[in-house]
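Read the structure below first, then the notes.
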Amino acid sequence: AAFILEKRKNTIYSISKIQSIIKLPLLAEISVGKNQSWEESLDLFASSEILETNKSIALVVIGELDKSVLNKFSKSFEKVLTKENFKITTDLREATKYNKLIMLTALGNTKIKELVEIKNKLSLPKNPILGHIVITYNN
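In this note's numbering, the protein residues as written are 20 to 158.
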């Protein structure tokens, strides 16, 4: 079913499709839903070794993401990194000012073409892309 929807709407509905396009490690899958303890998952990721506190990190948002979800990402990351050391942004020029990049996508909200374009643009600068985080919405 996900394959048919992806073809018809040019929107990504599966993690395997994202993986096939960007070929980067999946750092985390965060399930957002009423019955999920997704804030705990986010806090655990934010405190992982991936987010070395001596480096600056930009989360590059790809597609339309709910502002409340982005706010919770911000709060979780602020527990580990200072505001100067991390940024959640859609602006690629702003993102390249940071040492490391993480792509942030959401199933059902990210377009295939948009993901390909951003992946190609971000592969040009010297800033390493650590991988990607996928948000899934489960009500």
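Just so you know, even glycine gets a beta-carbon here, dropped at the ideal spot from N, CA and C.
- The DSSP-derived three-state label of ILE31 is coil.
- The criterion of a C-beta distance shorter than 8 Å is satisfied by LEU123 and VAL79.
- DSSP places VAL80 inside the beta strand (DSSP E), whose first and last residues are 76 to 80.
- Proximity of the region 28 to 41 to the region 135 to 153 meets the contact definition, three or more beta-carbon pairs being nearer than 8 Å.
- The DSSP-derived three-state label of ILE107 is strand.
- Straight across, the Cα-Cα distance linking LEU100 with ILE107 is about 12 Å.
- Taking the C-beta atoms as reference points, LEU149 is found nearer than 8 Å to LYS119.
- Here VAL99 carries a coil assignment [DSSP, helix/strand/coil].
- Judged by DSSP in its simplified three-state form, ILE152 adopts strand.
- Taking each of ALA114, ASN128, ASP62 in turn and checking the Cα distance to LYS98, the smallest one comes out for ASP62.
- Under the criterion of beta carbons closer than 8 Å, GLN38 and LEU46 do not qualify as touching, at roughly 12 Å.
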